Ligand SMILES: Nc1ncnc2c1ncn2[C@@H]1O[C@H](COP(=O)(O)OP(=O)(O)OP(=O)(O)O)[C@@H](O)[C@H]1O
Ligand SMILES: C[C@H](N)[C@H](N)CCCCCC(=O)O
Ligand SMILES: [Mg+2]
């Protein structure tokens, strides 16, 4: 196996479709014949069974099930900012430990996708945030833009924050998280032009709104095939 192609999946905010996009990119990689794994190093919020939705979705989307502690080394109970949950539970996020878990996953796969937490600079502690996590892993970044009112500003600010840290920004994906968004095409056109002009950033795909329900699974392969994984 050659060195894996891995990416950090950053988002313009929380609840904008990072996990949904990550699972579709894993699907795209698998359809292309790659062994692909996801990672959610820091997750907050569990159900009655003690499980986190993102972790379960990312485990299910991989080519096989690696050690759960490697996919998700830090799981906190409360669905709040991780810096609060980590302090409440007395278990601080440890970037070195996350790096070791990532390396174990990378040794087993052609491609690893690491989902961040919330927006790019969501805090992990009083001194660390999501940007430090991306920098510690030193992975090229894919920016997921949740297409809803306000996303133009969030996208430009997030791209700037990533570029300022000299991380390699490889492309962006627009996710139609809000089916009622007005002037969708005009918004997408703005992002295409300005992320290209300011950051030389290509659009790697646009994900349509796919309401949850029985019809969702049937269209995921077709959507995944429209996404471009950077080489
Ligand atoms: N394209 C889409 N069509 C329909 N629903 C979507 C789409 N993208 C995301 N959703 C839904 O929006 C919600 C938030 O998506 P998701 O969990 O992927 O966000 P996230 O950015 O990963 O959030 P977090 O910051 O908590 O990790 C989920 O219920 C998901 O199913
Ligand atoms: C619990 C939630 N779903 C996310 N995992 C955490 C979002 C943290 C957001 C912090 C912030 O930027 O205000
Ligand atoms: Mg998520």
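Residue numbers (the working numbering): 21 to 251.
Backbone N, C-alpha and C fix where the C-beta goes; we use that ideal spot for every residue, glycine too.
All values derive from a computational prediction rather than experimental measurement.
Compute the Euclidean distance between the alpha carbons of residue 247 and residue 41, then round it to the nearest angstrom.
Counting from one through the chain shown, the residue named residue 247 turns up at place 227. Counting from one through the chain shown, the residue named residue 41 turns up at place 21. If I take the Cα positions, the gap works out to 10 Å.
For the beta strand (DSSP E) containing residue 27, list its first residue and its last residue.
Numbered from 1 along the chain shown, position 7 holds the residue referred to as residue 27. Per DSSP, residue 27 belongs to the beta strand (DSSP E) from 25-31.
If you compare alpha carbons, which of 167, 188, 206 is closest to residue 197?
Along the chain shown, read from residue 1 onward, the residue named residue 197 stands at position 177. Out of 167, 188, 206, 167 has the C-alpha closest to the C-alpha of residue 197.
On a CA-only basis, which of 86, 28, 145 is nearest residue 96? Give me that one, please.
Against the chain shown, residue 96 aligns to sequence position 76. When only C-alpha atoms are compared, the closest one is 145.
Alpha carbon to alpha carbon, what distance is there between residue 147 and residue 238?
On the chain shown, residue 238 is found 218 positions in, with the first residue counted as 1. On the chain shown, residue 147 is found 127 positions in, with the first residue counted as 1. Taking the straight line joining both Cα atoms gives about 43 Å.
Based on the DSSP secondary-structure assignment, which residues constitute the bridge partners of residue 59?
For the purposes of this step, residue 59 is identified with residue 39 of the chain shown, where counting begins at 1. BP columns for residue 59 point to 134.
Express the C-alpha separation of residue 44 and residue 240 in angstroms, rounding to a whole number.
Within the chain shown, residue 240 is the residue found at index 220, counting from 1. Within the chain shown, residue 44 is the residue found at index 24, counting from 1. Roughly 7 Å between the two C-alpha positions.
Return the first residue and the last residue of the beta strand (DSSP E) that residue 195 is part of.
Position 175 of the chain shown holds residue 195. Where residue 195 is concerned, the enclosing beta strand (DSSP E) stretches over 189-195.
DSSP has residue 166 in a bridge; who is on the other side?
In the chain shown, counting from the first residue as 1, residue 166 sits at position 146. 195.
Could you say if the region 166-180 and the region 129-136 meet the contact criterion of at least three C-beta pairs nearer than 8 Å?
no
Hey, is residue 28 close to ligand 4, as in C-beta under 8 Å from one of its heavy atoms?
No copy of ligand 4 occurs in the structure displayed; its ligands are ligand 1, ligand 2 and ligand 3 alone.
Is residue 103 near ligand 1, going by C-beta to nearest heavy atom under 8 Å?
The residue labelled residue 103 in the question sits at position 83 within the chain shown. Residue 103 Cβ: outside cutoff for every heavy atom of ligand 1.
Pair within 9 Å by beta-carbon distance, residue 17 and residue 113:
Because residue 17 is not part of the residues shown, which for the chain are 21 to 251, the question remains open.
Report the three-state DSSP secondary structure of residue 91 (helix, strand or coil).
Translated into positions along the chain shown, residue 91 becomes position 71. In this structure, residue 91 counts as helix in the three-state DSSP scheme.
When the Cα of residue 86 is compared with those of 64, 102, 124, 130, which residue comes out closest?
Within the chain shown, the letter at position 66 stands for residue 86. Per the Cα distances, 124.
Starting from the C-beta of residue 188, find all residues in its chain whose C-beta is less than 8 Å away, skip the five residues before and the five after it, and write them out in chain order.
For this step, residue 188 is matched to residue 168 along the chain shown. Counting only Cβ-Cβ distances below 8 Å, and skipping sequence neighbours, we find 160, 161.
In angstroms with no decimal places, state the Cα-to-Cα distance between residue 21 and residue 245.
In the chain shown, the residue the question calls residue 21 occupies position 1. In the chain shown, the residue the question calls residue 245 occupies position 225. Note that residue 21 scores a pLDDT of 44, beneath 50, so its modelled location is shaky; the value from the coordinates is reported in the next line. One C-alpha to the other measures close to 24 Å.
Under the three-state reduction of DSSP, which class applies to residue 67: helix, strand or coil?
Taking the chain shown and counting its residues from 1, one reaches residue 67 at position 47. Note: residue 67 maps to coil in three-state DSSP.
Do residue 30 and residue 38 have their CB atoms nearer than 9 Å?
Mapped onto the chain shown, residue 30 falls at position 10. Mapped onto the chain shown, residue 38 falls at position 18. Their beta carbons are under 9 Å apart, which means residue 30 touches residue 38 by this criterion.
Strictly by DSSP, which residues pair up with residue 149?
Locating residue 149 in the chain shown gives position 129, where the first residue counts as 1. Paired residues: 143.
For the region 203-235, list the alpha helix (DSSP H) runs that are entirely contained and at least 4 residues long, ordered along the chain.
204-219
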